[in-house]
Amino acid sequence: MNVIEVRDLSIGYDGVAIQEGLTFDVHRGEIFLILGGSGCGKSTLLRHLIGLEKPLAGTIEIEGVGNPLRVVGGRPPFGVMFQSGALFGSMTLAQNVALPLRRWTDLDRRTIETIVRWKLRLVGLDGYENHLPSEISGGMKKRAGIARALALETDLLFLDEPSAGLDPVSAVEFDELILALSRSLGMTVVIVTHELESIFKIGTRCVMLDRQARSIIAQGEPRELRDNPPNLSVRTFFRRLPAGDFG
């Protein structure tokens with residue numbers, strides 16, 4: 079079953095398209111990757127998928143709904159973690175995670191506190207409720223960002239470059255966390271990334287965007303695309319060859 083359906087989508091800014099004719103599906107329960115070289119529009123596509131930008135053309139449906147944010151009155155039917163975690167620096171981790179619950183639910187304070195502790199425990203941050211973002215590492219900030227993204231009990235999660243800026247050990251641990259959440263909670267995860275180790279470790283399927291072609295140049299299972307690349311750009315990306323836009 080498809081959780082997301084994208085058809086003939088064109089995206090860009092000020093009427094200028096950076097990607098056109100994008101068509102793909104995201105299946106329930108998979109870890110779906112958006113790949114491509116720098117400046118090809120990966121994060122822009124993510125912003126369109128979550129409703130922060132309006133498409134130039136085409137359609138995006140999540141669970142069969144064309145504009146889920148409008149239908150549910152602004153309450154997001156998914157969770158989002160941006161690159162740095164996007165935590166509010168003046169708030170503790172507990173306060174950050176509680177924000178969606180206070181904004182979009184009528185739960186009482188004690189129930190919210192219980193949920194917040196559980197979400198932080200789920201991402202390995204038990205005991206850090208009262209820490210400020212400045213008091214923890216970059217990897218921990220990203221974990222806290224995921225905890226906040228999971229606060230509303232959604233089963234669809236969007237992650238923008240989750241491994242960016244992490245040391246190798248932290249990146250591996252973060253991949254393990256994503257796999258564990260996907261398996262234990264049955265979540266569908268959509269990830270923008272360019273980290274090859276993460277791609278092969280956690281990715282179920284992917285689409286690859288190309289800046290020059292302004293379209294999808296490949297889609298499928300990452301290892302299959304690596305082993306049998308359909309074109310030079312895909313081969314260059316997966317094998318880290320010094321050519322084209324995939325340096």
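The sequence shown begins at 79 in the working numbering and counts up by one. Ideal Cβ positions, reconstructed from N, Cα and C, are used throughout, including at glycine.
Close-in-space but distant-in-sequence residues of the same chain around residue i (CB under 7 Å, 5 per side omitted)
i: E239; result: Q161, V270 and T271
i: G216; result: G243 and L244
Spatial distance of residue i from residue j (CA atoms)
i: T192; j: A229; result: 11 Å
i: S212; j: D288; result: 36 Å
i: S260; j: L185; result: 26 Å
i: H105; j: F156; result: 15 Å
i: A95; j: A227; result: 29 Å
i: V194; j: H209; result: 13 Å
Environment of residue i [buried if 16+ CB atoms lie within 10 Å]
i: Q334; result: Because residue 334 is not part of the residues shown, which for the chain are 79 to 325, the question remains open.
i: E299; result: exposed
i: K220; result: buried
i: R292; result: buried
i: F166; result: exposed
i: P246; result: exposed
i: N334; result: Lying before the first or after the last residue shown, residue 334 is absent from the chain, which here runs from 79 to 325.
i: T170; result: buried
i: Y206; result: buried
i: A258; result: exposed
i: T266; result: buried
i: L234; result: buried
8 Å contact criterion, which residue i and residue j should meet: CB distance rounded
i: A242; j: L198; result: Not really, about 22 Å apart at Cβ, beyond 8 Å.
i: F102; j: V81; result: Incorrect: roughly 12 Å between the Cβ atoms, too far for contact.
i: G223; j: M159; result: 4 Å
i: M286; j: L113; result: 5 Å
8 Å Cβ shell around residue i - same chain, five flanking residues per side excluded
i: D253; result: S241, E275, S276, K279 and I280
i: A164; result: G223
i: E302; result: none
i: G93; result: L134
i: G144; result: T137 and I138
Beta-carbon contacts of residue i that lie in its chain and below 6 Å, excluding the five residues immediately before and after
i: T282; result: E108 and I109
i: W62; result: Lying before the first or after the last residue shown, residue 62 is absent from the chain, which here runs from 79 to 325.
i: E251; result: none
Any C-beta of chain B under 7 Å from that of residue i
i: I190; result: The chain inventory of the structure shown lacks chain B, comprising one protein chain alone.
| beta strand (DSSP E) runs contained entirely in the region 216 to 240, provided each spans 3 or more residues | 234 to 238
| said: Quick check for students: name the residue ranges of the beta strand (DSSP E) that lie wholly in the region 100 to 168, counting only runs of 3 or more. | reply: 109 to 114, 135 to 140 and 157 to 159
| request: With a floor of 4 residues, list each alpha helix (DSSP H) that falls wholly inside the region 176 to 205, ordered by position along the chain. | output: 187 to 200
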